[in-house]
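Following: one structure in structure tokens, then a few remarks.
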Amino acid sequence: MKPKRILADFFRKSWYVYLISIFLHLISNSINVFFPKVLGQFTDKLQIGGLTRDLIVDYSLLLLVIGVGHVLFNGLAMYLIMYVGRRFEFFVRRGLFKHFTEMSERFYSRNGVGKLLSYFMNDVTAVRESISMGINQAANATMLLVAAVTMMLLIDIPYYLILASVFPLLLIPVIVVYLGPIIRRRSLKVQEALGTMTETAEEQFGGIRVTKKFAVEPIMNERFGKTVEQIRHHQLRLVRVSSFFQALIPFLGAIALVVALAFGGYLTISKQITLGNFVALTLYIRMLMNPLQQIGNVINSIQRSRASLERLNELLSQKSDIMELENAKAVDLSDAGIRIQNLSFSYEKTSNKVLRDINLNIRPGSTLGIIGRTGSGKTTLMKLLLRTYDPPPGTVWFGNTDVREMTLESLRSQIAYVPQDGFLFSTTIRENIAFYERDTEMEYVEAAARHAQIYDNIVDLPNQFETRLGERGLTLSGGQRQRTSLARGLIKNAPVMILDDSVSAVDAVTEKDIIESIQKERSDKTTIIIAHRISAIKHADEIIVLDDGVIVQRGTHMELLAMQGLYATLHAIQEEGSQHATGTSHS
Amino acid sequence: MSDNYNSAHTFRPGGGMGGMRRFGTGEKAKPASIYSMFVRIYTHARLEWPSLIAAVVCVIAVSLLEFVVPQLTRFTIDHLIPNKRFDRLFLIGGGVLGAAIALGGLRFISTSLMASIGQKVLYNLRNDLYRHMQSLDVSFFDRNRTGDLMSRVTNDVSILQQMISSSMMQLFTDFFTFTAIAIYMLWIDWRLTLLLLATFPFMILTTRVFGKRMRSSFRTVQESVADVSDHLQNSLTGIRLIKSFTAESYESERFSERTRKNMDANIQVVRLRAAYEPIIDFLNYIGLAIVLVFGAWLAMKDQMTVGTIVAFIAYLRLLQNPIRHFSRIINTIQQSAAAYERIMEVINTKAEIIEKKGAIALPPLRGHIAFSSVSFAYSNESKVLDAFSLELEAGKVTALVGSSGSGKTTIAHLIARFYDPQDGVITIDGYSLKDVTLDSLREQIGIVSQDIVLFNGTIGENIKYGKHDSTEAEVIAAAKAANASGFIESFPQGYDTQIGERGVKLSGGQKQRLSIARAILKNPRVIILDEATSSLDTESEQYIQDALAQLLRGRTCLVIAHRLSTIQQADQIYVLEQGCIVENGTHDELLRRQGRYSQLYELQFPQTDAAQ
Chain U
11 MKPKRILADF FRKSWYVYLI SIFLHLISNS INVFFPKVLG QFTDKLQIGG LTRDLIVDYS
71 LLLLVIGVGH VLFNGLAMYL IMYVGRRFEF FVRRGLFKHF TEMSERFYSR NGVGKLLSYF
131 MNDVTAVRES ISMGINQAAN ATMLLVAAVT MMLLIDIPYY LILASVFPLL LIPVIVVYLG
191 PIIRRRSLKV QEALGTMTET AEEQFGGIRV TKKFAVEPIM NERFGKTVEQ IRHHQLRLVR
251 VSSFFQALIP FLGAIALVVA LAFGGYLTIS KQITLGNFVA LTLYIRMLMN PLQQIGNVIN
311 SIQRSRASLE RLNELLSQKS DIMELENAKA VDLSDAGIRI QNLSFSYEKT SNKVLRDINL
371 NIRPGSTLGI IGRTGSGKTT LMKLLLRTYD PPPGTVWFGN TDVREMTLES LRSQIAYVPQ
431 DGFLFSTTIR ENIAFYERDT EMEYVEAAAR HAQIYDNIVD LPNQFETRLG ERGLTLSGGQ
491 RQRTSLARGL IKNAPVMILD DSVSAVDAVT EKDIIESIQK ERSDKTTIII AHRISAIKHA
551 DEIIVLDDGV IVQRGTHMEL LAMQGLYATL HAIQEEGSQH ATGTSHS
Chain X
-16 MSDNYNSAHT FRPGGGMGGM RRFGTGEKAK PASIYSMFVR IYTHARLEWP SLIAAVVCVI
44 AVSLLEFVVP QLTRFTIDHL IPNKRFDRLF LIGGGVLGAA IALGGLRFIS TSLMASIGQK
104 VLYNLRNDLY RHMQSLDVSF FDRNRTGDLM SRVTNDVSIL QQMISSSMMQ LFTDFFTFTA
164 IAIYMLWIDW RLTLLLLATF PFMILTTRVF GKRMRSSFRT VQESVADVSD HLQNSLTGIR
224 LIKSFTAESY ESERFSERTR KNMDANIQVV RLRAAYEPII DFLNYIGLAI VLVFGAWLAM
284 KDQMTVGTIV AFIAYLRLLQ NPIRHFSRII NTIQQSAAAY ERIMEVINTK AEIIEKKGAI
344 ALPPLRGHIA FSSVSFAYSN ESKVLDAFSL ELEAGKVTAL VGSSGSGKTT IAHLIARFYD
404 PQDGVITIDG YSLKDVTLDS LREQIGIVSQ DIVLFNGTIG ENIKYGKHDS TEAEVIAAAK
464 AANASGFIES FPQGYDTQIG ERGVKLSGGQ KQRLSIARAI LKNPRVIILD EATSSLDTES
524 EQYIQDALAQ LLRGRTCLVI AHRLSTIQQA DQIYVLEQGC IVENGTHDEL LRRQGRYSQL
584 YELQFPQTDA AQ
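Going down the list, the protein sequences come from chains U and X. Just so you know, the first sequence maps onto residues 11 to 597 in this note's numbering. Just so you know, the second sequence maps onto residues -16 to 595 in this note's numbering.
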């Protein structure tokens, strides 16, 4: 993708606003030109004593009209340019967000939330600032510059003198070419430092409880302090080069003046040009200084924001590694079985295989239980089913369609996935449960809450279902969060439901009730339950035992108990506590 | 214009009486004035006084030099050319060149110095803000959204930066120019000047009216930025969920709603600016018209020469420049004031849990903890604990069981003094928690909880979190004890393996084991295990139980669990229901009692029961 995409796209869409704004600016400036003229006429009249009361009133009114005209057009131009800048910010942010939602799991495991936040907050703003005020200033300065140069050419000064005087100014592009990349590089460093700071802050606010538990606030302060110090360091480096740049441009202006004075003075003394023209030349050269300074500022800010623009464009050109095929199919999962054939998978090409030779056939409407140690590949298997990572072609099938040939929409909307961590959004409980269909009727929300055994807890809360959850739902206990998240999965009533260790923080009694109501509610639908506790999966039609990425055992609860193997061992360990206890009670 | 902005804040939601005490609770904050903002910036900047003075000297030198260059031109025209002094021409050229070099150099130095002062101020401000947030209670973080806090530390501070680094100098020079010219004009003709100054009250009035609105609009802008950042933070954290529910378009819609609000708020500001600046310009023109009319009248009565009027008008134009600049800067100032207010809201929030004066450092603990008739509710919810009493004996293992939501975690939070109970006393070795320093208390308590947070960094760093000066051998020993060394060593980089944001690349059980290793390394006197093993598989749990059994020996331990297998060896078990203890005793005693405990037990181990 070309580096200048977002800006070019935006200009293509809104060039006419810029054009109008610049045009208004032009009008405003041309009106302003009359001001000294009218003032001059007025003083002339005054000097020759030709002023009458009426004339005074006329002149003042004329000046006011000029003032109003100048001010009105100028204000309008400014409004337009700033307005369009805000539109830019809006469009880019919206585009970024949309892009983020399209990115895959891999992207998120590489980029922290704080880092992504920084793109929205710092980089978009930096670009917006340079395109809104920058364009106005540049337009203004260019007009003044053109005016001054035209006037210089119109009066009777030899062109070679003008050229000699203006020559130092022609060095400006050279300086821009030379210093520009340095400014951009340093600016990039500043933006990166800002990103790191945002990331550290975000992580810290999320983990504040741990920090407090370990009483390590000073260490965290120091850690954050370091990132702030980095920002300062890079900002100062940037300021040094950019203020050098900004000082250089008026300096070139001064050199131009030196040439005009020396060379022009020589020509004047040797009578090659008139004194009047010499005076005019120095005046015009001085007139160039201001717009030059402004243009310097604009170039400076453009260089800075280009660093941000590059960051944004680079981010936007990252492609998601999960892509829908062009002719992707929607598959109805309600009567499609799930088939996994010879599935082996590793996250990176070089790393160890997380899953090896998995073969599995889940009939529609059946329940599958998965048990295994931490790190045995259970969650990975589910991620492949949901295609948050791409499985190898021809390994995961829904009905007769490879998961890679399905539309993501049809896949994910028909699977209800309940993760272990019970993540809740900071909104009301009702909105959290009805996350799938926001306008679900209350009775269904309540029913789902009942099935997830969270109903009683919710109605005890002051605002019941309308209770807002604090940041990340922290006012609920771990078990309550899991059950709320379970209700969110249940209400979807999807053909396939995956419980990924979703009841681990729930006590035994509640777990039993939950499993029973799931069995009842989902009797004709496919359900996959991952658990550490045998109690949660023993009712399943088939149970597989995963160990180190391989299915080591499969069968029903009773069959597996009869076999000597990991399942029986796990069962024994889980029972051991009680046997042990029974033992002690007898001793 | 120090405190004329009070009314600008009444629009804020939940504005009540009283000063700024608890931010986020809807109580009204005492507005931070522009004046106090400058005072604070100045207090920070004052520490850099050598640079500050140098910068001011540079600025004055720059204005003087700028005056010199036209004088040189004038000299050339008036003297050199008529006198044909070719030789002097180069001298003048050299003079201009010298002046230009000096100008460039001085400008560079002054900008660099100001930037360095500004950065220092910001550095301190940002660190102060962050440090202050770190010192605030857990309940502060319960109340406030991470995104909102983020936007204060990043966005609001950056806005201040803009003002400090670019506008302060301008303000300073403009003020001097303005005063100098105004005095000079008074000296030329006081009547005209006074007449001219008649437009000033209108300018001040306009500035005040618009200033108020601008600030309140900026306030809305910054709040909407916080909203945007919060929504973003929330949805990016929950992105996996959003994807699995195919809610991308819905979330994008909600996000674009928020950015649109932000855009609208910004456009509101733009409107104000686009109206305000022309009005000030217009008032300037009126001033000019007044001078013209009155000056012409005086000239016609021969009380004033035309030359004076022309000169006066020329100076008037000079005078208006700083005014025009100021009208541009006021925008930045108001924006900064709104940002500053949001920063101060946090800084002025006092932690509710504070060490009292003369709090003592806890000596090494034995670990006897007692709750006596403690009542507690999170903010305004119903009570979680009501007249609750509990005793944890030193060196013993106490277990709490009960259905989720029965208040177990709350008890752990109260022991670490994350919250203060509304009623009753909690003592540790006879010291009331309120009488001891927080550091000495928390250093001796280790909590392993169900919420696992790992920080960006290596595995080793995360384990070291509990004790930063620990040796590598200690880290490895802790990892072994937590049954984590196996999987850590299987990574190519071992303990130096980087874990992504919040440890995404580790499984739940692996994360949990790291957090246990972290607590083991800390070697605390009191250990609280809050569902520490619920996300582990049975085997790892067994290993960890063994490791913990080693660790717990001789320490006070509170085990919170709903899985009874993990607590059977506890010296004392309490069964909690709705914040009340319904039963207590050892495992065997409780089983024999045939109460709630044995009911839970039977549900969990039906087979064993049948076998018996």
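Note that beta-carbon positions come from the ideal geometry of N, C-alpha and C, so glycine has one too.
Straight across, the Cα-Cα distance linking U:Val455 with U:Glu521 is about 20 Å.
Distance from the Cα of U:Asn231 is smallest, within the candidate group X:Gln495, X:Ser372 and X:Asp111, for X:Asp111. Residue nearest to X:Thr59 within the set U:Val268, U:Ile312, U:Gly306 and U:Lys199 is U:Val268 (criterion: CA-CA distance). Neighbours of X:Val380 in chain U, taken as residues whose beta carbon is under 9 Å from its own, are absent, since the nearest beta carbon is some 15 Å off. X:Ala257 belongs to the set of residues whose beta carbon lies under 8 Å from a beta carbon in chain U. The straight-line gap separating the alpha-carbon atoms of X:Phe91 and U:Val238 is approximately 24 Å.
Taking a beta-carbon distance threshold of 8 Å, U:Ala272 counts as an interface residue toward chain X. C-alpha of U:Gln529 to C-alpha of X:Arg325: approximately 52 Å in a straight line. In this structure the stretch 147 to 163 of chain X touches the stretch 309 to 322 of chain X; the number of beta carbon pairs closer than 8 Å is three or more. U:His244 and X:Val42 have their C-alpha atoms spaced approximately 24 Å apart.
Using a 10 angstroms sphere on the CB of X:Asp264, the tally of other CB atoms reaches 16 or more, which defines it as buried. Among the CB atoms of chain X, none fall inside 8 Å of the CB of U:Asp331.
Judged by their CB atoms, X:Val384 and X:Ile556 are nearer to each other than the 8 Å cut-off. Using beta-carbon distances, X:Thr410 does not count as an interface residue toward chain U, since no partner is under 8 Å.
Proximity of the stretch 239 to 256 of chain X to the stretch 180 to 200 of chain X meets the contact definition, three or more beta-carbon pairs being nearer than 8 Å.
Secondary structure at X:Leu489: coil, using DSSP grouped into helix, strand and coil. Ranking U:Gln147, U:Arg15, U:Ser253 and U:Glu419 by CA distance to the CA of U:Leu335 puts U:Glu419 first. Of all residues in the stretch 48 to 60 of chain X, only Val52, Pro53, Leu55, Thr56, Thr59 and Ile60 come within less than 8 Å of chain U when Cβ atoms are compared, listed by chain position.
Listed along chain X is no residue with a C-beta nearer than 7 Å to that of U:Pro374; the closest approach is about 20 Å. Within its own chain, the residues whose Cβ lies closer than 8 Å to the Cβ of X:Ile330, once the five positions on either side in sequence are excluded, are Asp111, Leu112 and His115, listed in chain order.
U:Asn84 belongs to the set of residues whose beta carbon lies under 8 Å from a beta carbon in chain X. Contact fails between the stretch 406 to 415 of chain U and the stretch 565 to 579 of chain U, because fewer than three Cβ pairs, one in each stretch, are under 8 Å apart. Proximity to X:Phe158 across X:Ala395, X:Leu55, X:Leu301 and X:Asp513 peaks at X:Leu301, based on C-alpha coordinates.
The shortest CA-to-CA distance from X:Gly350 to any of X:Leu281, X:Arg400, X:Ser372 and X:Leu424 is the one to X:Leu424.
The C-beta of U:Ser327 has fewer than 16 other C-beta atoms within 10 Å across all chains shown, which makes the residue exposed. Taking 8 Å as the threshold, the shortest C-beta distance from X:Arg90 to chain U falls below it. With the criterion set as a beta carbon lying under 9 Å from some beta carbon of chain X, the stretch 13 to 36 of chain U has no members that meet it. U:Gln240 and X:Glu335 have their C-alpha atoms spaced approximately 33 Å apart.
Secondary structure of X:Gln561 (DSSP, three-state): coil.
The three-state reading of DSSP puts U:Tyr427 in strand, counting E and B together. X:Phe238 is not bridged by DSSP to any residue.
In the displayed model, X:Ser46 falls within a helix according to three-state DSSP. According to DSSP, U:Arg349 shares a beta bridge with U:Asn371 and U:Trp407. Here X:Ile511 has Ala395, Ile430 and Leu541 as same chain residues with Cβ atoms under 6 Å from its own Cβ, once five neighbours each way along the sequence are excluded.
As summarised for the stretch 369 to 423 of chain X, the continuous beta strand (DSSP E) elements at least 3 residues long and confined to that stretch are 380 to 384 and 406 to 411, given in chain order. DSSP assignment within the stretch 268 to 325 of chain U yields the following whole alpha helix (DSSP H) runs of 4 residues or more, N-terminal first: 275 to 279.
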